[in-house]
Amino acid sequence: MEADITIIGLGPAGLQAAIHAARKKVKVVAVGKSEASSLNRAEVENYLGIDSVDGSDLLSKGREQARRFGAELLEEEVIKLTKDGESFVVITDREREIRSRALVLAVGISRAKLNVPGEKEFLGKGVSYCASCDAGFFRGRPVAVIGEESEAAESAALMAEYASKVYWVHRQLKASEQMVSKARKAMVEMVQAKPSRIVGEQTVTGLELEDGRRLDVNGVFVALGAKGSIELALELGIIPDPSGKIPVDENCRTEMEKVYACGDVTGAPWQLARAVGQGCVAGENAARAVRSEK
Ligand SMILES: Cc1cc2nc3c(=O)[nH]c(=O)nc-3n(C[C@H](O)[C@H](O)[C@H](O)COP(=O)(O)OP(=O)(O)OC[C@H]3O[C@@H](n4cnc5c(N)ncnc54)[C@H](O)[C@@H]3O)c2cc1C
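Going by our numbering, the first residue of the sequence shown is number 259, and it counts up by one from there.
Laid out in structure tokens, this is it:
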């Protein structure tokens, strides 16, 4: 199939890009998995003007809106991405080929997993990968932060402002001295151990450690660092930065002409507000680029 713009990603960044581009009367195809969006698992309470909203509801309304403005949405995964002359060629897992003149990468990130029993089961029920997103849910309750690097130190120091008690569980500290001392000053208790299991009933009640100890906590923050979904960019010839994110300028342009990127894949903070903001910029600019050719 042919399009003016292909958007890869059906999270908030991709959908907002689709809405803004489609309103400019260019042909937009957005491809991705709605279920795979990070927002699908989120209960958001820090988005402007909205006290609390279920992420999956927001996505479902966003999809309706994008379709209403004329974007075509495909629940498919991209398995190959190449360039053929002036065209970007996307191949999906349903063996569909989409050719377009501009491309928006809104593929999000996959957060590094701890890979212990209980992690998956209690995701959103005590297990979190984002302290700045979920800190408020753990006000006055004990939590553990797991990780070795500065992201974990930052998360632990932040959680100390909300939680009744914060354990920072690590094996070998790799965070900078300043970050470690920031966490210590915040009265974070350092626990040198390897987590073995997250336990609970409806929600988390504890973190078991390999040495047999158990921490009685209601929250487990996994802060192992984040890795961008960079493989597609590399296939195309765009080089992500050393931390795995795709560099963009203020117009959400990547180093390759007519390729834009937006949302979590372009860097922190991994937040809905940033994703929709950049989605708007990427969608507008991609549409402008293809319209100027017509
Ligand atoms: C548990 C949890 C709670 C959160 N709470 C909050 C909160 O309270 N407040 C807040 O602001 N933010 C919160 N966030 C963060 C927020 O959800 C993200 O910042 C936001 O979803 C990023 O949007 P995005 O569109 O960049 O990426 P995502 O929403 O992750 O979407 C990525 C999209 O890319 C698609 N994709 C990836 N690879 C391919 C491929 N090969 N082919 C096709 N499609 C592909 C996926 O299918 C998906 O549709 C939370 C996140 C989590 C996980």
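Yeah, the Cβ is synthetic: ideal placement off N, Cα and C, and Gly gets one too.
State the CB to CB distance for the pair residue i and residue j, rounded to an integer number of angstroms; the pair is presumed to be in contact (CB under 8 Å).
i, j, result
"K432", "E468", "Actually they are not in contact, since the Cβ atoms of K432 and E468 sit about 19 Å apart, beyond 8 Å."
"I356", "I337", "That pair is no contact at about 12 Å."
"V475", "I404", "With 8 Å as the limit, V475 and I404 do not qualify as a contact, their Cβ atoms being about 11 Å apart."
"A519", "I504", "4 Å"
"G541", "V462", "About 38 Å separates the two Cβ atoms, so there is no contact after all."
"S292", "L317", "6 Å"
"L339", "L494", "5 Å"
For residue i, does the three-state DSSP call read helix, strand or coil?
i, result
"A484", "Caution applies to A484, whose pLDDT of 41 falls short of 50 and renders its modelled position unreliable; the value that the coordinates give is listed next. Strand, per DSSP."
"E435", "helix"
"A421", "coil"
"D392", "helix"
"P270", "helix"
"I504", "coil"
"T524", "helix"
"E551", "coil"
"L492", "helix"
"E353", "coil"
"K319", "helix"
"L530", "helix"
"G464", "strand"
"A544", "helix"
"K338", "strand"
"S296", "helix"
"V374", "coil"
"R471", "coil"
"L306", "coil"
Which residues share a DSSP beta bridge with residue i?
i, result
"W426", "V403, M448"
"R511", "Y518"
"L332", "V289"
"T264", "V287, L361"
"S386", "F479"
"E301", "D312"
"G458", "V462"
"P498", "Looking at the DSSP assignment, P498 forms no beta bridge with any residue, so it has no partner."
Beta carbon of residue i: closer than 6 Å to some heavy atom of ligand 1?
i, result
"K291", "yes"
"G502", "no"
"S295", "yes"
"A393", "no"
"L530", "yes"
"C510", "no"
"D522", "yes"
"E513", "no"
"L268", "yes"
"R321", "no"
"C538", "no"
"V302", "yes"
Got a sec: does ligand 3 put a non-hydrogen atom nearer than 6 Å to the Cβ of residue i?
i, result
"G470", "No copy of ligand 3 occurs in the structure displayed; its ligands are ligand 1 alone."
Segment contact flag, the segment 363-375 with the segment 263-271, C-beta cutoff 8 Å, min 3 pairs: yes
Three or more C-beta pairs below 8 Å linking the segment 390-402 and the segment 326-343: no
Three-pair Cβ contact test at 8 Å for the segment 407-421 versus the segment 441-461: Between the segment 407-421 and the segment 441-461, the count of C-beta pairs closer than 8 Å reaches three or more; the two stretches touch.
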